[in-house]
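To start, the structure itself, in structure tokens.
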């Protein structure tokens, strides 16, 4: 029976960016079905009482080093934090839902994370989002109109509430069935869970 | 040139327990000199504004699962959190300094973590500490007298202040030269740093 790997992400999360570069390979190696599920990290923090690492200065400094180490480890371009950071990712996350619906989830997620964390494009800018939508083969005008629809807004909120209800407190969040894994640094456990009977 | 791996730990930290079961092998594989450095995790949290994972309920629940996964991954006995948790580890940490001074650091750290996290012995109990000291070949009465000496108390405080000054915000903390690594889950980066020129 094919297992499903659910990948909850927010475009403003650098650790979810790192994980986004690995999840396709993890799914391929394990024969799992990958499900992209955008959510709102800020709302997750608020709901759970968690806070971003940057709130503790020493943790923030270590995080910057750590992100660089992971980028190197994964063979990605050198990591530098975009500015401003954190940035507004609400519209980008909604657009991911539209892209997924249109069968372009994989392409849009990869393209948008690269834009945000490698090219340092402003993902809060609708012109940037329109360009990214076009690049992955979406009709940008239609796609950006859709992110204003209540159904898309509600779906993003529902993903967020569901993740919190299932135990999430940060990003990236993974589920293999009911098993929860939080953090890019837990992908090896995710992969093990996907391999297990 | 031989590199040194500094391992900052507090006996009340379950992630430092996990790391303690691996650091000798990491040092052996890389030819590094391992330096055991007890510190006071509570004081580190206070100094940096960081807080224990259990303060966020969802994080605490995930942590319990996660500790079990790591224990399994490392081939350790099934993990269960001791009760009470966190427990008072001040005297055990001081005793580690005495054991290190007497050339029994490795033995005492391994024995005491096993007592705390596998056998669920009360490390806040001096009778337990006396037994552990004896088991690793120390004169328990002398060793327990030493933990009352200002020099030992000061040395533990100095380790803590040094770790914070060098960027630590949690346990376990590792240094390879000036490079800081926080977390059992960063041991693979520690090992890479020890291997590098």
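Protein chains in written order, with this note's numbering: chain A, 192 to 388; chain B, 192 to 388.
Glycine included, C-beta positions come from ideal geometry on N, C-alpha and C.
Cross-chain neighbours of residue 259(B) in chain A, by beta carbon under 9 Å: Ordered by position in chain A, no residue passes the 9 Å Cβ test against residue 259(B), which lies about 10 Å from the chain.
Going by the DSSP bridge assignment, what does residue 304(B) pair with across the sheet? DSSP, once it has assigned bridges, lists no residue as partnering residue 304(B).
Which chain A residues are close to residue 358(B), counting only those with a beta carbon under 8 Å from its beta carbon? 249, 252 and 253
Mind checking whether residue 367(B) and residue 385(B) have CB atoms under 7 Å apart? yes
Quick one: residues in its chain with C-beta nearer than 7 Å to the C-beta of residue 285(A), no 5 flanking neighbours on either side, listed in chain order? 338, 343, 344 and 347
Could you work out which residues of chain A lie near residue 240(B), taking near to mean beta carbons separated by less than 7 Å? 247
Between which two residues does the alpha helix (DSSP H) holding residue 195(B) run? Unbroken run through residue 195(B) is the beta strand (DSSP E), 195-200; no alpha helix (DSSP H).
What does residue 199(A) reach in chain B if we use C-beta pairs closer than 7 Å? Within 7 Å Cβ-Cβ: nothing; residue 199(A) doesn't reach chain B, min ~13 Å.
Relative to the C-alpha of residue 269(B), which candidate in 222(B), 363(B) and 305(B) has its C-alpha closest? 305(B)
Neighbourhood of residue 355(B) by C-beta, 7 Å cutoff - its chain only, sequence neighbours within 5 removed: 235, 238 and 239
Could you list which residues in chain B have their beta carbon closer than 7 Å to that of residue 380(A), in chain order? 260
Can a CB atom of chain A be found closer than 7 Å to the CB of residue 345(B)? no
Please report the distance separating the alpha-carbon of residue 373(A) from that of residue 243(B). 16 Å
Just the C-alpha distance for residue 273(A) and residue 201(A), rounded to the nearest angstrom, thanks. 15 Å
How many angstroms separate the CA atom of residue 215(B) from the CA atom of residue 225(B)? 7 Å
Hey, out of 289(A), 318(A) and 223(A), whose CA is closest to residue 229(A)'s CA? 289(A)
Please work out which residues of its chain come closer than 6 Å, Cβ to Cβ, to residue 358(B), disregarding the five sequence neighbours upstream and downstream, and give them in chain order. 371
Identify the contact partners of residue 376(B) in chain A, using a Cβ-Cβ distance below 9 Å as the criterion. 374, 376 and 377
First through last residue of the alpha helix (DSSP H) which encompasses residue 335(B): 331-337
In this structure, does DSSP put residue 372(A) in helix, strand or coil? strand
Test item: CB-CB of residue 314(B) and residue 280(B) under 7 Å: yes
Given a threshold of 16 other Cβ atoms within 10 Å of its Cβ, counted over all protein chains shown, does residue 387(B) qualify as buried or as exposed? exposed
When burial is assigned at 16 or more other CB atoms within 10 Å of the CB, is residue 350(A) buried or exposed? buried
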